[in-house]
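Below: the structure, in C-alpha cells.
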Amino acid sequence: TDRGSPLRVLLATTHHPLREAISLLSEELLLEQIVLLSKALQSDWGLVAPQIAICGLNPHASDDGLFGDEEAMILSPAIERAREMGTNVAGPFPADTVFYRALTGNFDAVVAPYHDVGMAAFKTAAFGRGVNVTLGLPFVRTSPDHGTAFDIAGTNSANATSMVEAVRLAIHLTQNRFSKIFLHD
1 TDRGSPLRVL LATTHHPLRE AISLLSEELL LEQIVLLSKA LQSDWGLVAP
51 QIAICGLNPH ASDDGLFGDE EAMILSPAIE RAREMGTNVA GPFPADTVFY
101 RALTGNFDAV VAPYHDVGMA AFKTAAFGRG VNVTLGLPFV RTSPDHGTAF
151 DIAGTNSANA TSMVEAVRLA IHLTQNRFSK IFLHD
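Residue numbers are given in my numbering: position 113 of the sequence shown equals residue 113, and the series is strictly consecutive.
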C-alpha cells in the first residue's frame, strides 16, 4: 500500500499455539475472513476488484496431499465458495512464494492461516513501519504493528514511525470510506 507496508496480510488465526491455530481453522472461518477482506479492500482501500491470495498451511501448500490434507479439506473449499460469491481469490499457494508474489503486484492481499507465517513476511517487508488494521468495524481502527515496548519506555530509543503510519493510514482509509458514503448514498 502507499501507507505503512507494501504488503497487506490478514491472519485467519492470531495469537494461538500452532496446534490450536490449526484446529481453529475451518472452511467457514476462512470463508468469513476472505469475504471480510474483500469488502474492506473495496470500501476502505478503494480497490474495485481486489485480488486475494490464500497462503497454504503445509509445506508447498501440501503438494497435492503429500504434506497434509488441510489445503484440500479446508482451504480449497473455502476458496471455491468465495469464488462462487464473486470474490477474486486464488490459492492455496506455498508460503515461500505467495508473499513475494503479493509484494510484486500479483495480489492485493494475502490471507495467512496462522500468525507467524503471516507476520514473518509482513515484518520482513515493513519492520518498524507496519500498521495493524481491524476489519469489519463500523469505524476505522488502526494501531502500530508492535507491542507496548514498556522495556524501552523512557530510554529515548523508541521509533514513532509505525505510530505515524497508523495515523496516516487511518486518515487515508477514513477518506476512502467517507467518499464512498457521500458519492454513493
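Cβ atoms here follow ideal geometry from the backbone N, Cα and C, with glycine treated the same way.
Candidates the options: closest to residue i by CA position
i, options, result
"Ala49", "Leu10, Asp151, Val140, Val89", "Val89"
"Leu41", "Val9, Ala72, Gly154", "Val9"
"Asp118", "Pro144, Ala53, Thr155", "Note that residue 118 is Gly in the sequence shown, not Asp. Nearest of Pro144, Ala53, Thr155 to Gly118, Cα basis: Ala53."
"Ala158", "Glu165, Lys123, Asn176, Gly128", "Gly128"
"Thr13", "Pro6, Ala21, Leu7", "Ala21"
"His146", "Asn156, Val140, Thr104, Gly130", "Gly130"
"Thr142", "Ala102, Leu169, Leu25, Gly65", "Leu169"
"Gly91", "Val111, Glu32, Val164", "Val111"
"Gln51", "Asp108, Pro59, Phe93, Thr124", "Asp108"
"Ser26", "Ser62, Tyr114, Phe99, Asn106", "Tyr114"
"Val133", "Asp44, Thr87, His15", "Asp44"
"Phe139", "Cys55, Leu29, Arg177, Ala126", "Arg177"
"Ser38", "Thr174, His15, Ala126, Gly136", "Gly136"
"Pro144", "Ser179, Cys55, Lys123", "Lys123"
"Glu70", "Pro94, Ile171, Pro17, His16", "Pro94"
"Ser162", "Ala126, Gln175, Thr104, Ser179", "Ala126"
"Leu75", "Thr97, Leu30, Pro59", "Leu30"
Opening and closing residue of the alpha helix (DSSP H) in which residue i lies
i, result
"Ala21", "18 to 24"
"Val48", "Unbroken run through Val48: none, as it is neither H nor E."
"Ala40", "27 to 43"
"Gly208", "Outside the shown range of the chain (1 to 185) lies residue 208, about which nothing can therefore be said."
Which residues DSSP lists as bridging residue i, in chain order
i, result
"Ser143", "Asn132"
"Ala90", "Ala53"
"Val111", "Leu10, Ile54"
Boundaries of the beta strand (DSSP E) in which residue i is found, first to last residue
i, result
"Ala126", "Element bounds for Ala126: not the beta strand (DSSP E) but the alpha helix (DSSP H), 115 to 126."
Proximity test, Cβ basis, 8 Å: residue i and chain C
i, result
"Phe127", "Among the protein chains of the structure shown there is no chain C, as only one such chain exists."
- [ ] Jot down the residue ranges of each uninterrupted beta strand (DSSP E) in the stretch 58 to 82, minimum 3 residues, whole runs only, in chain order.
- [x] none
TODO: Tell me, please, whether the stretch 31 to 45 touches the stretch 74 to 89 by the rule of three or more beta-carbon pairs shorter than 8 Å.
DONE: yes
Task: Whole beta strand (DSSP E) elements within the stretch 149 to 176, 3-residue minimum - done: none
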